[in-house]
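Undergrad: Protein chains in written order, with this note's numbering: chain A, 34 to 94; chain B, 440 to 1154.
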């Protein structure tokens, strides 16, 4: 939930449980929220960006 | 985001260009459009939807809890309720309609312009219209078409349209959805507002990414496996190559040995060079003799074959005379028989003549002279013929049968016409061959006397050896070529395997991404599950707060209960639920839920509420505006029927919160002058001309006009 970031806090909680980094979780959720209304057929670029986020995160580690 | 201007051009009852200025100095959130039915308040509402989304649909219907999407309203056409102004559609060329919307947001000014104009002379359907969308945001470059639409939807998400474009019918629809046993529709919208699509679609995105990554991992794993197998194979291929190269060396040595031997043999043959022509001639002679001998056999056979008829030829030397004699005799016999036959016929005729002679003339019937003399001559002739006949019959000769048998026997002995010639020719041919053969053998004897048997044997042996060596050399050359090919293939295989071992490496990045994606998927799954429940609680809390403010009766109602299926009930102060709430109460509950969802959606957009007080009593209608019209916050525009809210009363009651208000009227609605600076009641009504004329400012208006006017109300 955008206000008061209930969705974010839930996602962070569940993500951390999986051992994932908070900055990665925030960046992934921001990206998904910003593009949540694009239909499945038009999500090619969104997926590419998501993959880029994951790769950048890996390099940062 | 706040709207500042809205420009309508040839849409619905609005003919020509109408500019609605929504800008104002304070931050009040209230805006109102008042109108009676048929004046176009829903058109203004729909014009904004069309400007933003390019389409206007008829209201969706909910049947048995299932939402049925409304049909699309056509822009032009002769059927259905079109969006374009009727007069513009029927009279203008080109036909054109447009809506321009100006707003201010965090990125500066926003301008959205959507225009549709006819591409043919007189368009009768939407497909004959050209659409143009231009979007400008702050100082960013102009965006058109799908890019423009994308920009609009970043401010006004189409999926959340119902949380800022709300009308009375939609409220009823929501109410039905919240109270029915089905949760279709509402939960989808609740999910959309709560950001669930981000998670659901994100999960699908991650699944797709994972599939791609897994495919890469499989590829690299396959390459690694191939590399490992190649490393195992490379040793055996190296061994194989070594043995093949050794074989090549051996084959080369073998070939060299044979080539050397062949050279030696050729050298040895050169020492017998003087004998070579003689030996060659001897060989030729042998061949010729062989041919002649076979020729001799053939001619001898011919000779024997032809001599089989020699006896016939010899016998015929004597038989031919006899045969001629018999033929002569046969001819004579035939002549005699013809002579006898002829003589007999003459005798018969003569006898008849002698008998027939009467001595009287047939013509004159007189006796003929010398008739006796004539008779004597006939008798003498008869005697002569009889003696000839006797002579012919008495001649000694063969019988016809005997003669035919004899001739037949002799015919059997007669040889064919050229038998003798053929016998002589075959003999002559045979004799010639015998002579030729003798000549050749004589020549061979002469040659043999010049060459010793030892030399001859030596040369023959060397020749035979040379032939054998040449054949061996050809075979070994072929063997060497095959061995070289084998070695080359082994070398290529070794290179291929070397490449495979060199290129493969583990795709660590893909493995790591796969691991993270798996964890993210689990995190999303858990979040959807836990968040939905928390969100429900949150919506329940917020909607209860809104509801309590709206109804303003905290002693009676304490809030709204939202169950896990998003069905709603009104809580009363006794701790139970309101069993049969009034329709107005239910509407307030629905508005509370929608506003709670709108709040959590975080959409920074004005709210448009069409016919807001449709099923509310006076108290609740007022409370609705009290709640939404604030001194600051999101713009809240209502499109109210004059029966819902009284203009003067509303303006008076909400002074300070109502930023601007307009009336939508037809000219015929005005009995007094409607010009803002006049408003005189001194109006002359012309019944025949169907027009009013203001006596104060002389303004005239046509009472038959169907063109809606937008007039600002003084607040």
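All residues carry an ideal CB built from backbone N, CA and C; glycine is no exception. None of the values given here were measured: they were computed from a predicted structure.
(1) Any beta carbon from chain B within less than 8 Å of residue 59 of chain A's own beta carbon?
(2) Sort B:454, B:452, B:453 and B:470 by Cα distance to residue 460 of chain B and report the nearest one.
(3) How about residue 47 of chain A: is its C-beta nearer than 8 Å to some C-beta of chain B?
(4) Using only the alpha-carbon positions, how far apart do residue 563 of chain B and residue 522 of chain B sit?
(5) Out of B:512, B:1002 and B:614, which has the shortest C-alpha to C-alpha gap to residue 1033 of chain B?
(6) Mark residue 449 of chain B as exposed unless 16 or more other C-beta atoms lie within 10 angstroms of its C-beta, in which case mark it buried.
(7) Taking the straight line between their C-alpha atoms, what separation do you get for residue 475 of chain B and residue 1081 of chain B?
(8) Could you give the residue range of the beta strand (DSSP E) that holds residue 1047 of chain B?
(9) Closest to residue 1002 of chain B by CA distance: which of B:863, B:606, B:971 and B:813 is it?
(10) Using the rule of at least 16 other Cβ atoms within 10 Å of the residue's Cβ for burial, across every protein chain shown, is residue 1009 of chain B buried or exposed?
(11) Check whether the region 762 to 779 of chain B and the region 826 to 843 of chain B are in contact - that is, three or more C-beta pairs closer than 8 Å.
(12) Which partner residues does residue 940 of chain B have in the DSSP bridge list?
(13) From residue 542 of chain B to residue 975 of chain B, what does the alpha carbon distance come to, in whole angstroms?
(14) Run through the DSSP bridge pairs and tell me what residue 873 of chain B is partnered with.
(15) Do you know how far the Cα of residue 549 of chain B is from the Cα of residue 574 of chain B?
(16) Along chain C, which residues have their Cβ under 9 Å away from the Cβ of residue 76 of chain A?
(17) Taking just the CA atoms, how far does residue 918 of chain B sit from residue 718 of chain B?
(18) Check each residue of the region 924 to 953 of chain B: if its Cβ is closer than 9 Å to any Cβ of chain A, include it; give the result in chain order.
(19) Looking at residue 655 of chain B and residue 946 of chain B, is the spacing between their C-beta atoms short of 8 Å?
(20) Assign residue 571 of chain B to one of two classes, buried (16 or more other C-beta atoms within 10 Å of its C-beta) or exposed (fewer than that).
(21) Taking only beta-carbon atoms, is residue 43 of chain A less than 8 Å away from chain B?
(22) Name the residue from B:1103, B:1139, B:826 and B:1127 whose alpha carbon lies nearest to the alpha carbon of residue 1119 of chain B.
(23) When the Cα atoms are used, what is the spatial distance from residue 982 of chain B to residue 52 of chain A?
(24) Can you tell me where the alpha helix (DSSP H) with residue 1042 of chain B in it begins and where it stops?
(25) Answer yes or no: do residue 922 of chain B and residue 680 of chain B have a C-beta to C-beta separation smaller than 8 Å?
(26) Which residue from B:744, B:939 and B:906 puts its Cα closest to that of residue 863 of chain B?
(27) Find the residues of chain A that neighbour residue 1212 of chain B, judging by a C-beta separation of less than 8 Å, and give them in chain order.
(28) Which of helix, strand or coil does DSSP assign to residue 961 of chain B?
(29) Whole angstroms are fine: how far does the CA of residue 1117 of chain B sit from the CA of residue 1133 of chain B?
(30) Against residue 79 of chain A, what residues of chain B qualify as contacts under a CB-to-CB distance less than 7 Å, listed in chain order?
(31) Is residue 610 of chain B buried or exposed, if buried means 16 or more other CB atoms sit within 10 Å of its CB?
(32) Near residue 817 of chain B, what residues of its chain come up, given a Cβ to Cβ distance below 7 Å and the 5 sequence neighbours on each side ignored?
(33) For chain A, find out if any of its Cβ atoms is closer than 8 Å to the Cβ of residue 1043 of chain B; answer yes or no.
(34) In chain order, what are the residue ranges of uninterrupted alpha helix (DSSP H) at least 4 long that sit wholly in the region 814 to 869 of chain B?
TA: This is what the structure gives:
(1) Mapped onto the first chain, residue 59 of chain A falls at position 26. Among the residues facing chain B, residue 59 of chain A is not included, as its CB has no counterpart in that chain under 8 Å away.
(2) For this step, residue 460 of chain B is matched to residue 21 along the second chain. The residue with the shortest Cα to Cα distance from residue 460 of chain B is B:470.
(3) For the purposes of this step, residue 47 of chain A is taken as the residue at position 14 of the first chain. For residue 47 of chain A, a Cβ of chain B is located within less than 8 Å of the residue's own Cβ.
(4) Residue 563 of chain B sits at position 124 when you count from the first residue of the second chain. Residue 522 of chain B sits at position 83 when you count from the first residue of the second chain. Each residue's Cα considered, the two are about 13 Å apart.
(5) For the purposes of this step, residue 1033 of chain B is taken as residue 594 along the second chain, with counting starting at 1. Among B:512, B:1002 and B:614, the Cα nearest to that of residue 1033 of chain B belongs to B:614.
(6) Along the second chain, one-based indexing puts residue 449 of chain B at 10. Flag for residue 449 of chain B reads buried.
(7) Position 36 of the second chain, counted from the first residue, corresponds to residue 475 of chain B. Position 642 of the second chain, counted from the first residue, corresponds to residue 1081 of chain B. Those two C-alpha atoms are separated by around 5 Å.
(8) For this step, residue 1047 of chain B is matched to residue 608 along the second chain. 1046 to 1049 is the span of the beta strand (DSSP E), which, as asked, contains residue 1047 of chain B.
(9) Numbered from 1 along the second chain, position 563 holds the residue referred to as residue 1002 of chain B. Of the candidates B:863, B:606, B:971 and B:813, the residue whose Cα lies closest to the Cα of residue 1002 of chain B is B:971.
(10) Along the second chain, one-based indexing puts residue 1009 of chain B at 570. With 16 or more other Cβ atoms within 10 Å, it is buried.
(11) The region 762 to 779 of chain B is in contact with the region 826 to 843 of chain B.
(12) Position 501 of the second chain holds residue 940 of chain B. Looking at the DSSP assignment, residue 940 of chain B forms no beta bridge with any residue, so it has no partner.
(13) The residue labelled residue 542 of chain B in the question sits at position 103 within the second chain. The residue labelled residue 975 of chain B in the question sits at position 536 within the second chain. Cα atoms of residue 542 of chain B and residue 975 of chain B: separation of roughly 33 Å, rounded to the nearest angstrom.
(14) For the purposes of this step, residue 873 of chain B is taken as residue 434 along the second chain, with counting starting at 1. Bridge partners of residue 873 of chain B: none, in fact.
(15) Start at 1 with the first residue of the second chain, and residue 574 of chain B comes out as number 135. Start at 1 with the first residue of the second chain, and residue 549 of chain B comes out as number 110. The straight-line gap from Cα to Cα measures roughly 7 Å.
(16) Absence of chain C from the displayed structure is noted, the protein chains being A and B.
(17) One-based indexing of the second chain puts residue 718 of chain B at position 279. One-based indexing of the second chain puts residue 918 of chain B at position 479. Using only the alpha carbons, I get a separation of about 35 Å.
(18) Hits within the stretch, in order: 948, 951 and 952.
(19) On the second chain, position 507 is the one that residue 946 of chain B refers to. On the second chain, position 216 is the one that residue 655 of chain B refers to. Yes.
(20) Start at 1 with the first residue of the second chain, and residue 571 of chain B comes out as number 132. Around the beta carbon of residue 571 of chain B, a 10 Å sphere encloses fewer than 16 other beta carbons of the protein chains shown; the residue is thus reported as exposed.
(21) Stepping through the first chain from its first residue, residue 43 of chain A is reached at position 10. Yes, residue 43 of chain A lies at the interface with chain B (some Cβ there is under 8 Å from its Cβ).
(22) Residue numbering aside, residue 1119 of chain B sits at position 680 when the second chain is read from its first letter. With distances taken between Cα atoms, residue 1119 of chain B lies closest to B:1139.
(23) The residue labelled residue 982 of chain B in the question sits at position 543 within the second chain. The residue labelled residue 52 of chain A in the question sits at position 19 within the first chain. Distance between the alpha carbons of residue 982 of chain B and residue 52 of chain A is about 36 Å.
(24) Walking along the second chain from the start, residue 1042 of chain B turns up at place 603. Unbroken run through residue 1042 of chain B: none, as it is neither H nor E.
(25) Here residue 922 of chain B corresponds to residue number 483 of the second chain, with the count starting at 1. Here residue 680 of chain B corresponds to residue number 241 of the second chain, with the count starting at 1. It is not a contact, given that the beta carbons lie outside the stated cut-off.
(26) As a working mapping, residue 863 of chain B is identified with position 424 in the second chain. The shortest C-alpha separation from residue 863 of chain B is found at B:744.
(27) Only positions 440 to 1154 of chain B appear in this structure, which leaves residue 1212 of chain B out of reach.
(28) In the second chain, residue 961 of chain B corresponds to position 522, counting from 1. Collapsing the DSSP output to three states places residue 961 of chain B in a helix.
(29) Locating residue 1133 of chain B in the second chain gives position 694, counting from the first residue. Locating residue 1117 of chain B in the second chain gives position 678, counting from the first residue. In a straight line, the C-alpha of residue 1133 of chain B is about 9 Å away from that of residue 1117 of chain B.
(30) Within the first chain, residue 79 of chain A is the residue found at index 46, counting from 1. The contacting residues are 644.
(31) Position 171 of the second chain holds residue 610 of chain B. Per the 10 Å Cβ criterion, buried.
(32) Taking the second chain and counting its residues from 1, one reaches residue 817 of chain B at position 378. Here the set comprises 789, 792 and 793.
(33) Stepping through the second chain from its first residue, residue 1043 of chain B is reached at position 604. Chain A, which has no Cβ nearer than 8 Å to the Cβ of residue 1043 of chain B, makes this no.
(34) Qualifying alpha helix (DSSP H) stretches, in chain order: 839 to 852.
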